[in-house]
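Down below is the structure, laid out as structure tokens.
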Amino acid sequence: MGVLDFFKSASKSQKDDAQTTAKIKEIIDICDPEQCSGGCTDSNTLDKDEHVFANLKIEHETPLFGSSRSSKIHFVVPTSQSDWAHDACMEKKNSVQYNIQSWISKNADQFTNIDSPGESLLCSVSSLPIDLLDIQVMKGTKNDVLIFPHFLRLKAVRSETVNDVLQEIVPLLLHNNREALLAKDYIQEITDDSFVFLCSHRTRDKRCGVTAPILEKHFNKNFQRHGIYRDNSDFRPHGARVAFVNHVGGHKFAANVIIYLKKSAKLVWLGRVTPVHVEAIVDCLVVPDEPKLPFPEMVRCVQQYQF
Numbered sequence: 098m099g100v101l102d103f104f105k106s107a108s109k110s111q112k113d114d115a116q117t118t119a120k121i122k123e124i125i126d127i128c129d130p131e132q133c134s135g136g137c138t139d140s141n142t143l144d145k146d147e148h149v150f151a152n153l154k155i156e157h158e159t160p161l162f163g164s165s166r167s168s169k170i171h172f173v174v175p176t177s178q179s180d181w182a183h184d185a186c187m188e189k190k191n192s193v194q195y196n197i198q199s200w201i202s203k204n205a206d207q208f209t210n211i212d213s214p215g216e217s218l219l220c221s222v223s224s225l226p227i228d229l230l231d232i233q234v235m236k237g238t239k240n241d242v243l244i245f246p247h248f249l250r251l252k253a254v255r256s257e258t259v260n261d262v263l264q265e266i267v268p269l270l271l272h273n274n275r276e277a278l279l280a281k282d283y284i285q286e287i288t289d290d291s292f293v294f295l296c297s298h299r300t301r302d303k304r305c306g307v308t309a310p311i312l313e314k315h316f317n318k319n320f321q322r323h324g325i326y327r328d329n330s331d332f333r334p335h336g337a338r339v340a341f342v343n344h345v346g347g348h349k350f351a352a353n354v355i356i357y358l359k360k361s362a363k364l365v366w367l368g369r370v371t372p373v374h375v376e377a378i379v380d381c382l383v384v385p386d387e388p389k390l391p392f393p394e395m396v397r398c399v400q401q402y403q404f
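And the structure:
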């Protein structure tokens, strides 16, 4: 590359960065991470964990913005697992997640004309706990289902009723008819203020199996610092939870972090997250009622919803 070509390339890159930042600012304010975080993370632990991430092969060249699709509706099914078969939602035939994914594959196109924020309907399985004493839950034929970005929970859905339930509630979700949704006896509001989902799908990519448990530790420590940490037995409102999910796309950009914020009705999906970023993400993005984004260069997508 000649000198002139180099400067042309640099100028284009700066222009693209400015355009990306402007698009992000339409949805969320950007802040300096050093103004948010106060160096509360133990430096020895941080250095050790950063070293683990540094030894992973992560793609750092491709711009992240626009590399993922925001969800119109994201169904998250608990499994009490942190890893799954290659096609996680299809692992157990006739399970709740199997039927949700099958329904999405067959019916998503009929809702494309509904004007609602986001781009796709998505189903994920997660490490969130299941009722180990319920035989039907253990078989996968009954389960709760969390719905984001709406912060709603379907209670004890049976696999044989999934099609009818989704046919009924998906239009209500897309039209944001919250009153009609909460009037149903099998739907309840999630009282937590934020959820952080980390891809831990080692079967799909080893990097995610390595990064997710380390980031979970750092997120939970920072949640504890703010008094918003909630474990599986703590149902106090206004907490923050972190959980693992299956493949979300873009393993080469690990670690992938999907954050749903209830108070501001936002989705922020970050890539290339390492432990050193977590404190500022929690302090700037998760905790405030009016969140600010500390690392715009790490955004894969961002979405504003209306609730």
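If you're matching positions, the sequence shown starts at 98 in this note's numbering and goes up one per residue.
We treat Cβ as the ideally placed atom computed from N, Cα and C, and that holds for glycine.
It should be emphasised that the depicted structure is a prediction, and the values quoted were computed from it without experimental measurement.
Sequence-distant residues of its chain with Cβ nearer than 6 Å to residue i (five each side left out)
i: valine 173; result: Ser221, Ser223 and Leu243
i: aspartate 126; result: Lys389
i: asparagine 329; result: Pro226
i: methionine 235; result: none
Buried or exposed by the 16-neighbour rule on C-beta atoms within 10 Å, applied to residue i
i: isoleucine 94; result: Here the chain comprises residues numbered 98 to 404, so residue 94 is not present and cannot be evaluated.
i: glutamine 116; result: exposed
i: methionine 395; result: buried
i: valine 369; result: Note on identity: in this sequence residue 369 is arginine, with valine being the wrong assignment. It counts as buried.
i: glutamate 79; result: It is not possible to answer for residue 79, since the shown part of the chain is limited to 98 through 404.
i: asparagine 196; result: buried
i: histidine 247; result: buried
i: glutamine 132; result: exposed
i: proline 388; result: buried
i: glycine 163; result: exposed
i: arginine 192; result: Sequence check: residue 192 is serine here, not arginine. Classification of serine 192: buried, given that the 10 Å Cβ count is 16 or more.
i: phenylalanine 341; result: buried
i: proline 130; result: buried
i: valine 149; result: exposed
i: cysteine 398; result: buried
i: aspartate 241; result: buried
i: serine 106; result: Because serine 106 sits at a pLDDT of 40, beneath the cut-off of 50, its placement in the model cannot be relied upon, and the point is left open.
C-alpha distance - residue i paired with residue j, whole-angstrom precision
i: serine 256; j: lysine 189; result: 11 Å
i: glutamine 198; j: threonine 142; result: 39 Å
i: alanine 119; j: tyrosine 283; result: 41 Å
i: leucine 101; j: proline 175; result: Bear in mind that a pLDDT of 45 at leucine 101, under 50, signals an unreliable position, so the model cannot answer this.
i: threonine 300; j: lysine 349; result: 14 Å
i: proline 393; j: leucine 364; result: 14 Å
i: aspartate 114; j: leucine 161; result: 11 Å
i: aspartate 261; j: valine 254; result: 11 Å
i: glutamine 259; j: histidine 272; result: The sequence as given places valine at residue 259; glutamine does not occur at that position. C-alpha separation (whole angstroms): 20 Å.
i: threonine 159; j: glycine 347; result: 11 Å
i: glutamate 147; j: histidine 335; result: 30 Å
i: aspartate 144; j: threonine 238; result: 44 Å
i: proline 214; j: alanine 277; result: 19 Å
i: phenylalanine 316; j: valine 339; result: 7 Å
i: serine 140; j: alanine 309; result: 19 Å
i: threonine 288; j: leucine 270; result: 18 Å
i: cysteine 362; j: aspartate 331; result: One detail in the question is off: residue 362 reads as alanine in this sequence, not cysteine. Approximately 23 Å, taken between the alpha carbons.
i: proline 391; j: aspartate 212; result: 30 Å
i: isoleucine 121; j: leucine 230; result: 45 Å
i: glutamine 401; j: isoleucine 124; result: 6 Å
i: alanine 337; j: asparagine 210; result: 34 Å
i: isoleucine 201; j: lysine 281; result: 22 Å
i: threonine 371; j: cysteine 128; result: 18 Å
i: phenylalanine 245; j: isoleucine 311; result: 24 Å
Own chain partners of residue i with C-beta closer than 7 Å, once the 5 adjacent residues on each side are dropped
i: arginine 275; result: Phe404
i: tryptophan 181; result: Glu188, Val222, His298, Thr300 and Asn343
i: glutamine 194; result: Val174, Cys186, Cys220 and Val222
i: valine 373; result: Leu143 and Glu147
i: arginine 333; result: Arg327
i: glutamine 178; result: Ser224
i: lysine 360; result: Asp290 and Asp386
i: histidine 183; result: Thr300 and Arg301
Spatial neighbours of residue i in its chain, beta-carbon cut-off 8 Å, leaving aside the 5 residues before and after
i: glutamine 285; result: Leu249, Arg250, Lys252 and Leu279
i: leucine 358; result: Asp290, Ser291, Leu364, Val365, Leu382, Val383 and Pro388
Runs of beta strand (DSSP E) lying entirely within the stretch 291-348, each at least 3 residues, in chain order | 291-296 and 337-342
Which runs of the alpha helix (DSSP H) spanning at least 4 residues fall entirely within the stretch 226-301, listed in chain order?
-> Entirely contained in the stretch 226-301, the alpha helix (DSSP H) runs reaching 4 residues are, in chain order, 232-236, 259-271 and 275-279.
Please list the segments of the beta strand (DSSP E) lying wholly inside the stretch 133-188, counting only runs of 3 or more residues, in order along the chain.
-> As summarised for the stretch 133-188, the continuous beta strand (DSSP E) elements at least 3 residues long and confined to that stretch are 168-175, given in chain order.
Counting Cβ pairs, one atom from each stretch, are 3 or more of them under 8 Å apart for the stretch 364-382 and the stretch 258-268?
-> Note that the stretch 364-382 does not touch the stretch 258-268; fewer than 3 beta-carbon pairs, one per stretch, sit closer than 8 Å.
Can at least three beta-carbon pairs, one atom from the stretch 168-182 and one from the stretch 209-221, be found at a separation below 8 Å?
-> By the C-beta criterion, the stretch 168-182 is judged to be in contact with the stretch 209-221, since at least 3 inter-stretch pairs fall below 8 Å.
Quick one: any contact between the stretch 292-304 and the stretch 346-358, if contact means 3 or more CB pairs under 8 Å?
-> yes
Counting pairs of Cβ atoms below 8 Å between the stretch 201-215 and the stretch 313-323, do you hit three or more?
-> no
With a cut-off of 8 Å, do at least 3 Cβ pairs link the stretch 302-316 to the stretch 148-159?
-> As far as the Cβ criterion goes, the stretch 302-316 touches the stretch 148-159, which means the pair count is three or higher.
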